[in-house]
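Trainee: Could you have a look at this structure, given as structure tokens, before my questions?
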Amino acid sequence: MNETNGESSGRLPPLRGLVTFEMAARLGSFTKAADTLGLTQPAVSHQIRRLEQHLGRPLFRRDHRGIALTEAGAVLFVAVQRGLTGIAEAVREIRGTTAQRVVTIAADVALAGLWLVPRLSEIKALLPTVELRIITSQWTQNINEIGADLGMLFGDGAWFGTRAQLLVAEYAFPVCAPSLLKNGKRFTLEELQRLPLLHLEMPGPVKGASEPWFKWESWFAAAGLPYRPEQPGLSFNNYTLAVQAAIAGQGIALGWRPLVEQVISAGQLVQCADKSCSSARGYHLLLPGRGMPGPEVERLIDWLKVAVAASPPIPPTQHGA
Numbered sequence: 019m020n021e022t023n024g025e026s027s028g029r030l031p032p033l034r035g036l037v038t039f040e041m042a043a044r045l046g047s048f049t050k051a052a053d054t055l056g057l058t059q060p061a062v063s064h065q066i067r068r069l070e071q072h073l074g075r076p077l078f079r080r081d082h083r084g085i086a087l088t089e090a091g092a093v094l095f096v097a098v099q100r101g102l103t104g105i106a107e108a109v110r111e112i113r114g115t116t117a118q119r120v121v122t123i124a125a126d127v128a129l130a131g132l133w134l135v136p137r138l139s140e141i142k143a144l145l146p147t148v149e150l151r152i153i154t155s156q157w158t159q160n161i162n163e164i165g166a167d168l169g170m171l172f173g174d175g176a177w178f179g180t181r182a183q184l185l186v187a188e189y190a191f192p193v194c195a196p197s198l199l200k201n202g203k204r205f206t207l208e209e210l211q212r213l214p215l216l217h218l219e220m221p222g223p224v225k226g227a228s229e230p231w232f233k234w235e236s237w238f239a240a241a242g243l244p245y246r247p248e249q250p251g252l253s254f255n256n257y258t259l260a261v262q263a264a265i266a267g268q269g270i271a272l273g274w275r276p277l278v279e280q281v282i283s284a285g286q287l288v289q290c291a292d293k294s295c296s297s298a299r300g301y302h303l304l305l306p307g308r309g310m311p312g313p314e315v316e317r318l319i320d321w322l323k324v325a326v327a328a329s330p331p332i333p334p335t336q337h338g339a
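Counting the sequence shown from 1 gives a position; my numbering is that position plus 18.
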């Protein structure tokens, strides 16, 4: 061990071991790193052990739950990521190529379809040399597992292995097609319960967990009225379908900011009651737990914050828990 430590002070570890370490740290798994690199799991473990022997420090904590970087491992991970990025950029420069940078965004289906896709032209203008890759996933717990550079997901901010920052708090209000309103007059809460209600019914990420967002029952409770609907409603497992049903005049849906702002601005839906309810949940920006975002991702994050902040304000009138 002493001889190895002495050698490590005079030369770098093998590049292959550093590449394997970076992959394992980024994916949070020796097995996933092996699959990605086309190696066996024992081969990955062997390379990591040799690297640790070379440095004289453990790089991972290993227990029954999996692996996690030690303090030394976190320092090395940042350095290796920067080094590999620099090597890739130098190779492109030497080859005289202008290969596109790929930025992968993980977003839930509703946000991707109703808010993000209508703004893709603005994002492309912001990042003209970047190829965007959008992955829709409702319950992604670790965006590292799908190789995403950035996540935009709805929840309470507790995602394993990520750094989360609230982008916009949950804010929901009833919406319907303009044709359902008589003389443009909004409904009272009592009148809403006499109309067909459109429901979003999707299973949560953990059986028995609290509801992931407002449903009509909890929304009425937050608004201060017991939930006693007088007509059968319609249920969907996709929010985009619920919005389309509301546009078609099939009933009253809950509209979330910023998801329905585009269709409201287009006159396809209107807020049809004065009550609005908010909660501590909301859409969050997620970054991988380790490493620094590249300049393209940083520019995209800044743009997203401005774009959401510039959304048409709808003053809240009622707050829920």
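Glycine residues also receive a C-beta, built at the ideal position from the N, C-alpha and C atoms.
Nothing here was measured: the structure is a model prediction, and the numbers come from that model.
Looking at the unbroken beta strand (DSSP E) that takes in residue 171, where does it start and where does it end?
Mentor: Indexing the sequence shown from 1 puts residue 171 at position 153. Run containing residue 171: 168-173, per the beta strand (DSSP E) assignment.
Trainee: Are residue 260 and residue 287 closer than 9 Å when you measure CB to CB?
Mentor: Taking the sequence shown and counting its residues from 1, one reaches residue 260 at position 242. Taking the sequence shown and counting its residues from 1, one reaches residue 287 at position 269. Contact flag unset, no.
Trainee: Look at the alpha carbon of residue 91 and the alpha carbon of residue 78, and state the distance between them as a whole number of angstroms.
Mentor: What you label residue 91 is simply residue 73 of the sequence shown in a count that begins at 1. What you label residue 78 is simply residue 60 of the sequence shown in a count that begins at 1. Cα to Cα, residue 91 sits roughly 6 Å from residue 78.
Trainee: Please name the residue, chosen from 94, 316 and 275, that lies closest to residue 188 on a Cα-to-Cα basis.
Mentor: To locate residue 188, count along the sequence shown from 1; it is residue 170. Among 94, 316 and 275, the Cα nearest to that of residue 188 is on 275.
Trainee: Quick check on this structure: which residue in 256, 215, 253 and 190 has the alpha carbon closest to the alpha carbon of residue 289?
Mentor: Numbered from its first residue, the sequence shown carries residue 289 at position 271. Here the closest residue by C-alpha is 190.
Trainee: Pop quiz: residue 244 and residue 238 are said to be a contact at Cβ under 8 Å. What is the actual Cβ separation, rounded to whole angstroms?
Mentor: Locating residue 244 in the sequence shown gives position 226, counting from the first residue. Locating residue 238 in the sequence shown gives position 220, counting from the first residue. About 7 Å separates the two Cβ atoms, so the contact holds.
Trainee: Around the Cβ of residue 226, are there at least 16 other Cβ atoms within 10 angstroms (buried) or fewer (exposed)?
Mentor: By one-based count along the sequence shown, residue 226 stands at place 208. Low confidence applies to residue 226: its pLDDT is 42, below 50, so where it sits in the model is not reliable, and the reading given next is rough at best. Its Cβ having fewer than 16 others within 10 Å, residue 226 is exposed.
Trainee: In its own chain, which residues sit with a C-beta less than 7 Å from the C-beta of residue 251, not counting the 5 before and 5 after it?
Mentor: Position 233 of the sequence shown, counting from 1, holds the residue named residue 251. Cβ neighbours of residue 251 beyond the five flanking positions: 214, 215, 216, 217 and 269.
Trainee: Residue 211 and residue 163: beta carbons closer than 9 Å?
Mentor: On the sequence shown, position 193 is the one that residue 211 refers to. On the sequence shown, position 145 is the one that residue 163 refers to. No, these two residues do not count as a Cβ contact at 9 Å.
Trainee: Below 8 Å CB to CB, which residues in the same chain sit around residue 40 once its five sequence neighbours on both sides are set aside?
Mentor: Within the sequence shown, numbered from 1, the residue matching residue 40 stands at position 22. So the list reads 95, 98, 99 and 102, once near-sequence residues are dropped.
Trainee: What is the DSSP secondary structure of residue 250, counted as helix, strand or coil?
Mentor: Against the sequence shown, residue 250 aligns to sequence position 232. In the structure shown, residue 250 sits in coil (DSSP, three-state: anything other than H, G, I, E or B).
Trainee: Pick out whichever of 76, 180, 294 and 83 has its Cα sitting closest to the Cα of residue 89.
Mentor: Indexing the sequence shown from 1 puts residue 89 at position 71. Comparing Cα positions, the closest option is 76.
Trainee: Apart from the five residues on each side of it in sequence, which residues of its chain come closer than 8 Å, Cβ to Cβ, to residue 52?
Mentor: In the sequence shown, counting from the first residue as 1, residue 52 sits at position 34. Taken in chain order, the residues that qualify are 58, 59, 61 and 62.
Trainee: Residue 69 to residue 32, Cα distance in whole Å?
Mentor: Locating residue 69 in the sequence shown gives position 51, counting from the first residue. Locating residue 32 in the sequence shown gives position 14, counting from the first residue. For residue 69 and residue 32, the distance between alpha carbons rounds to 8 Å.
Trainee: Helix or strand or just coil, what does DSSP make of residue 287?
Mentor: For the purposes of this step, residue 287 is taken as the residue at position 269 of the sequence shown. Of the three classes helix, strand and coil, the one that applies to residue 287 here is coil, per DSSP.
Trainee: Taking the beta strand (DSSP E) that residue 185 falls in, what are its first and last residues?
Mentor: Along the sequence shown, one-based indexing puts residue 185 at 167. First-last of the beta strand (DSSP E) with residue 185: 180-194.
Trainee: According to DSSP, what are the bridge partners of residue 274?
Mentor: Your numbering for residue 274 matches position 256 in the sequence shown. Answer is 190.
Trainee: Measuring only the C-alpha atoms, how far is residue 119 from residue 328?
Mentor: Within the sequence shown, numbered from 1, the residue matching residue 119 stands at position 101. Within the sequence shown, numbered from 1, the residue matching residue 328 stands at position 310. If you take the alpha carbons of residue 119 and residue 328, they lie about 28 Å apart.
Trainee: If we ignore side chains and look at the alpha-carbon of each, how far apart do residue 44 and residue 147 end up?
Mentor: The residue you call residue 44 lines up with position 26 of the sequence shown. The residue you call residue 147 lines up with position 129 of the sequence shown. If I take the Cα positions, the gap works out to 25 Å.
Trainee: Which residues in the same chain have their Cβ closer than 7 Å to the Cβ of residue 49, if we skip the five residues on either side of it in sequence?
Mentor: Residue 49 sits at position 31 when you count from the first residue of the sequence shown. 59.
Trainee: If residue 172 sits next to residue 300, beta carbons under 8 Å apart, how far is it from one beta carbon to the other, in whole angstroms?
Mentor: In the sequence shown, residue 172 corresponds to position 154, counting from 1. In the sequence shown, residue 300 corresponds to position 282, counting from 1. Yes, they are in contact, since the Cβ atoms of residue 172 and residue 300 sit about 7 Å apart, within 8 Å.
Trainee: Below 8 Å, is the gap between the Cβ of residue 280 and the nearest heavy atom of the ligand MG?
Mentor: The ligand MG is absent from the structure shown, which contains no ligand whatsoever.
Trainee: Considering just the uninterrupted stretch of the beta strand (DSSP E) at residue 296, what are its terminal residues?
Mentor: In the sequence shown, the residue the question calls residue 296 occupies position 278. Start and end: 295-306.
Trainee: DSSP three-state call for residue 226: helix, strand or coil?
Mentor: To locate residue 226, count along the sequence shown from 1; it is residue 208. Because the pLDDT at residue 226 is just 42, under 50, the model does not fix this residue reliably, and the value given afterwards should be weighed accordingly. Note: residue 226 maps to coil in three-state DSSP.
Trainee: State the Cα-Cα distance for the pair residue 151 and residue 177, rounded to the nearest angstrom.
Mentor: Here the question's residue 151 lines up with position 133 in the sequence shown. Here the question's residue 177 lines up with position 159 in the sequence shown. Taking the straight line from one Cα to the other gives about 21 Å.
Trainee: Beta carbon of residue 65, beta carbon of residue 29: below 9 Å?
Mentor: Residue numbering aside, residue 65 sits at position 47 when the sequence shown is read from its first letter. Residue numbering aside, residue 29 sits at position 11 when the sequence shown is read from its first letter. The answer is no: Cβ separation not under 9 Å.
Trainee: So, helix, strand or coil for residue 241, using DSSP?
Mentor: For this step, residue 241 is matched to residue 223 along the sequence shown. Correct three-state label for residue 241: helix.
Trainee: By DSSP, does residue 2 sit in helix, in strand, or in coil?
Mentor: Any property of residue 2 remains undetermined from this structure, which presents the chain solely from 19 to 339.
Trainee: Out of curiosity, what's the CA-to-CA distance linking residue 282 and residue 193?
Mentor: As a working note, residue 282 is residue 264 in the sequence shown. As a working note, residue 193 is residue 175 in the sequence shown. Between residue 282 and residue 193, the C-alpha separation is close to 9 Å.
Trainee: Pick helix, strand or coil for residue 216, following the three-state DSSP scheme.
Mentor: Start at 1 with the first residue of the sequence shown, and residue 216 comes out as number 198. In the structure shown, residue 216 sits in a strand (DSSP, three-state: E or B).
Trainee: Just to confirm, are residue 181 and residue 304 a CB contact at a threshold of 9 Å?
Mentor: As a position in the sequence shown, residue 181 is number 163, starting the count at 1. As a position in the sequence shown, residue 304 is number 286, starting the count at 1. The answer is yes: Cβ separation under 9 Å.
Trainee: Closer than 8 Å by C-beta to residue 266: which residues in its own chain qualify, once you throw out the five before and the five after it? Chain order, please.
Mentor: For the purposes of this step, residue 266 is taken as residue 248 along the sequence shown, with counting starting at 1. These residues qualify, in order along the chain: 195.
Trainee: Give the straight-line distance between the Cα atoms of residue 346 and residue 130, rounded to the nearest whole angstrom.
Mentor: Since the first residue shown for the chain is 19 and the last is 339, residue 346 is missing from the structure and cannot be characterised.
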